[in-house]
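Quick mapping for you: the protein sequence lines, in order, are chains S and W.
Residue numbering for the first sequence follows my numbering, beginning at 1 and increasing consecutively.
Residue numbering for the second sequence follows my numbering, beginning at 190 and increasing consecutively.
See below for the structure under consideration.
There are 2 protein chains.
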Amino acid sequence: MRADAQRSIDALLQAAMALFATSGVDAPVREIADRAGVGVGTLYRRFATRADLIAAVFRREMDACADAAPVIAAEYPPFEALAMWLQRYAAFVGTKRGLAKALHSGDPAFEALPARFEQRLRPAFRTLFEAATAAGEVRADIDADEILGAVASLCMSAHDDRPDHARRMVAVLVDGLRYGANESANARS
Amino acid sequence: MRADAQRSIDALLQAAMALFATSGVDAPVREIADRAGVGVGTLYRRFATRADLIAAVFRREMDACADAAPVIAAEYPPFEALAMWLQRYAAFVGTKRGLAKALHSGDPAFEALPARFEQRLRPAFRTLFEAATAAGEVRADIDADEILGAVASLCMSAHDDRPDHARRMVAVLVDGLRYGANESANARS
DNA sequence: CTATATACGGAACAAGGTTCCGTTTAGCAA
DNA sequence: TTGCTAAACGGAACCTTGTTCCGTATATAG
C-alpha cells in the first residue's frame, strides 16, 4: 500500500473518531473528509460506505480499549487495574453517541461488531476481573458481564449532563465492587 | 374545516399507515403523498413535519386498539376477550417497524406518545386482565405490564419471519397465562 | 352567484450519501 | 536522476429525502 494511502486512512479514522465523539455518528461525510484534509472521493475509496467507516472507527477503538487491559494490569495491583480499565471502557462507550441505534439499524457493516466485542472486550475484562477476584478484592455475587453491561448503561443514558457524571457513577459502582464493602446489603430481591 | 381538507387528512393517515406496515416508518413523504392522491404540499399543510405524521398515525392506531377493548369485552367471556385483544395488540405492534428507533430519536413530535400509551393502552388491557383474573382464569404470579411488554418484544424481534410467527408465539404466551395451566412449572428461579 | 378564505399540487431548495472522472503523485526501473 | 504508470486524490455532479413557497383551484358563506 502506498504511503499516502495509509496516511489518508489514518487521518480519516482520527477525524471521524473526533467528530463522532462531539457530534455523534451522524456527522456528515463531507465534514469528516474536510477535517481529515482529504476529499470525499478519498474517503469512499477507503471505506465503501459511510457505515463501513463508522464500523472501522468502532472496531479500532474497541481494540485499543482491549489492548489497554494487559498494559494496565502489568503496572497496577489487581483492583486498581480493574477500576482504571473500567474508566477507560466508560470513556470509550461515552464517546459512542448513536452506537446503539447504529447497531440495531440492520446495516450489514455493523454485523461483525458484536462478535468483536465478545472476542476482545469481554475476555480483556474477564482477565482483570478474575485477577481481582483471586486477590479477594471483589465481592463474589456479581458476574463480569453484568458489570460491563451496567457501565455501558451508565454511560449511554447520562451523556448530556456534565461530562464527568458518568465517570463518577462508574466510580461509585466500582466502589460497590470491593469485596465485603456492603456485606449486609448483599441480599437483593 | 373544509370537507376536502378532512378528506386529505384521512387519506394521508390511511396511506401512511399502509406504507409504514409494509416499508417501515422510513417510507418517503413523496410516496405517502402519492399513495394518498395528494401533493406533498398538502401533506405539509396538515402535518408540520414528517415526524408529526408518524406520531399521528401511531396515536390513531393506539386509540383504535384501546377502543377495541371494551367492544371485545362486551362480546366474549373474560379469558377469550383477553386473548383476542392481545392478538389485536400484537397486530398493532407488528406493523410498527422502526417504532422503537423513532421513539428514541429524541424528536419532540414523539414526546407525547409514551404518555398516551399509559393513558389508553395500559388501562384498556388492565381492565381485560382484571376481569379475567376475577374470573379465576389467569395465573396470579404475573403482572399485566409484563404481558404487554412481552408481547411487544415478541412482535418487535421476529418480524421478518413468516408473518404469523408472532401471532403463534403470542398464542403460546396466552396459553401460558391460563390459570393453573402449568402449576408445576411456575417455579422460575 | 360571487367573493374570498382556504386548500391544493408540485416545482424548487437544502442537505446528505455516493459516484465519476480528470488530475496528481509515489515508487519502481532503467 | 529521470520516466513511467498504477495508484491515489479532490471535488463537482448526481440521487434521494425532507421541507418550503407560491401560483392555481375550489368550497362555502352571504
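Every residue gets a Cβ at the ideal spot worked out from N, C-alpha and C, and that includes glycine.
Looking at the structure shown, is R249(W) part of a helix, part of a strand, or coil, going by DSSP? To locate residue 249(W), count along the second sequence from 1; it is residue 60. In the structure shown, R249(W) sits in a helix (DSSP, three-state: H, G or I).
Does the region 225–241 of chain W come within contact of the region 261–281 of chain W, defined as at least 3 CB pairs closer than 8 Å? no
List the endpoints of the continuous alpha helix (DSSP H) containing K101(S). In the first sequence, counting from the first residue as 1, residue 101(S) sits at position 101. L99 to L103 is the span of the alpha helix (DSSP H), which, as asked, contains K101(S).
Thinking C-beta only, is S197(W) closer than 8 Å to V229(W)? Residue mapping note: residue 229(W) aligns to position 40 of the second sequence, counting from 1. Residue mapping note: residue 197(W) aligns to position 8 of the second sequence, counting from 1. No.
Candidates V151(S), R30(S), A135(S) and F129(S): closest to A144(S) by CA position: Position 144 of the first sequence holds residue 144(S). Its Cα nearest to that of A144(S), the residue F129(S) stands out among V151(S), R30(S), A135(S) and F129(S).
Which partner residues of R178(S) appear in the DSSP bridge assignment? Here residue 178(S) refers to the residue found at position 178 of the first sequence. Note: R178(S) sits in a beta bridge opposite V138(S).
Relative to the alpha-carbon of I243(W), which residue among A301(W), A194(W) and A258(W) has its alpha-carbon at the smallest distance? Translated into the one-based positions of the second sequence, residue 243(W) becomes position 54. Answer by Cα proximity: A301(W).
Whether or not the region 163–178 of chain S and the region 87–97 of chain S are in contact is what I'm after, with contact meaning three or more pairs of Cβ atoms, one per stretch, closer than 8 Å; do they touch? yes
Measuring alpha carbon to alpha carbon, tell me which residue in V25(S), D52(S), G98(S) and A68(S) is nearest A190(S). The question about residue 190(S) has no answer here: the residues shown for chain S are numbered 1 through 189.
For A207(W), which residues in the same chain have their Cβ closer than 8 Å to its Cβ, ignoring the five residues on either side in sequence? On the second sequence, position 18 is the one that residue 207(W) refers to. The answer, listed in chain order, is R224.
May I have the straight-line CA-CA distance separating F281(W) from A253(W), to the nearest angstrom? One-based indexing of the second sequence puts residue 281(W) at position 92. One-based indexing of the second sequence puts residue 253(W) at position 64. One C-alpha to the other measures close to 9 Å.
What whole-angstrom Cβ distance do A131(S) and A73(S) have, given they're in contact under 8 Å? Indexing the first sequence from 1 puts residue 131(S) at position 131. Indexing the first sequence from 1 puts residue 73(S) at position 73. Indeed they touch by this definition, with Cβ atoms about 7 Å apart.
State yes or no: is the C-beta of L343(W) within less than 8 Å of the C-beta of L362(W)? Your numbering for residue 343(W) matches position 154 in the second sequence. Your numbering for residue 362(W) matches position 173 in the second sequence. Yes, the Cβ-Cβ distance between L343(W) and L362(W) is below 8 Å.
Burial state of G1(S) (16 or more Cβ within 10 Å): Residue 1(S) sits at position 1 when you count from the first residue of the first sequence. Checking the displayed sequence, the identity of residue 1(S) turns out to be Met instead of Gly. It counts as exposed.
Using C-beta distances below 7 Å, list every residue in its chain close to R116(S), excluding the 5 sequence neighbours before and after it, in chain order. The residue labelled residue 116(S) in the question sits at position 116 within the first sequence. So the qualifying residues of the chain are R59 and M62.
Run through DSSP, which three-state label would Y138(W) get? Absent from the structure is residue 138(W), since the part of chain W shown begins at 190 and ends at 378.
Output the boundary residues of the alpha helix (DSSP H) element that contains V29(S). Indexing the first sequence from 1 puts residue 29(S) at position 29. From DSSP, the alpha helix (DSSP H) with V29(S) extends over V29 to A36.
According to DSSP, simplified to helix, strand and coil, what is M17(S)? Position 17 of the first sequence, counted from the first residue, corresponds to residue 17(S). Here M17(S) sits in helix by DSSP.
Give every residue of the same chain whose Cβ lies closer than 8 Å to the Cβ of A200(W), excluding the five residues on either side of it in the sequence, and list them in chain order. For the purposes of this step, residue 200(W) is taken as residue 11 along the second sequence, with counting starting at 1. These residues qualify, in order along the chain: A225, G226 and V227.
Is V57(S) near L13(S), with beta carbons less than 8 Å apart? Position 57 of the first sequence, counted from the first residue, corresponds to residue 57(S). Position 13 of the first sequence, counted from the first residue, corresponds to residue 13(S). Yes, the pair counts as a contact, with Cβ atoms nearer than the cut-off.
I need the boundaries of the alpha helix (DSSP H) containing L121(S), first residue and last residue. For this step, residue 121(S) is matched to residue 121 along the first sequence. Taken as a continuous stretch (DSSP letters only), L121(S) belongs to no alpha helix (DSSP H), as it is neither H nor E.
Run through DSSP, which three-state label would V214(W) get? In the second sequence, counting from the first residue as 1, residue 214(W) sits at position 25. DSSP places V214(W) outside both helix and strand once states are collapsed to three, so it counts as coil.
Sequence-distant residues of the same chain with beta carbon closer than 7 Å to E326(W), five excluded per side: Within the second sequence, numbered from 1, the residue matching residue 326(W) stands at position 137. Only P267, F268, R367 and Y368 meet the Cβ criterion.
Please tell me whether A66(S) and R120(S) are closer than 8 Å, where the distance is taken between their beta carbons. Looking up residue 66(S) in the first sequence gives position 66. Looking up residue 120(S) in the first sequence gives position 120. Contact: yes.
Please name the residue, chosen from G365(W), T322(W), Q195(W) and A216(W), that lies closest to K285(W) on a Cα-to-Cα basis. Indexing the second sequence from 1 puts residue 285(W) at position 96. Nearest C-alpha to K285(W): A216(W).
Should V29(S) and R50(S) be called a contact, given that it needs their Cβ atoms to be closer than 8 Å? Indexing the first sequence from 1 puts residue 29(S) at position 29. Indexing the first sequence from 1 puts residue 50(S) at position 50. The answer is yes: Cβ separation under 8 Å.
Less than 8 Å between the beta carbons of A298(W) and M345(W), yes or no? To locate residue 298(W), count along the second sequence from 1; it is residue 109. To locate residue 345(W), count along the second sequence from 1; it is residue 156. Cβ distance not < 8 Å, so A298(W) and M345(W) don't count as in contact.
Tell me whether the beta-carbon of A205(W) lies closer than 8 Å to the beta-carbon of I221(W). Within the second sequence, the letter at position 16 stands for residue 205(W). Within the second sequence, the letter at position 32 stands for residue 221(W). Closer than 8 Å, so yes.
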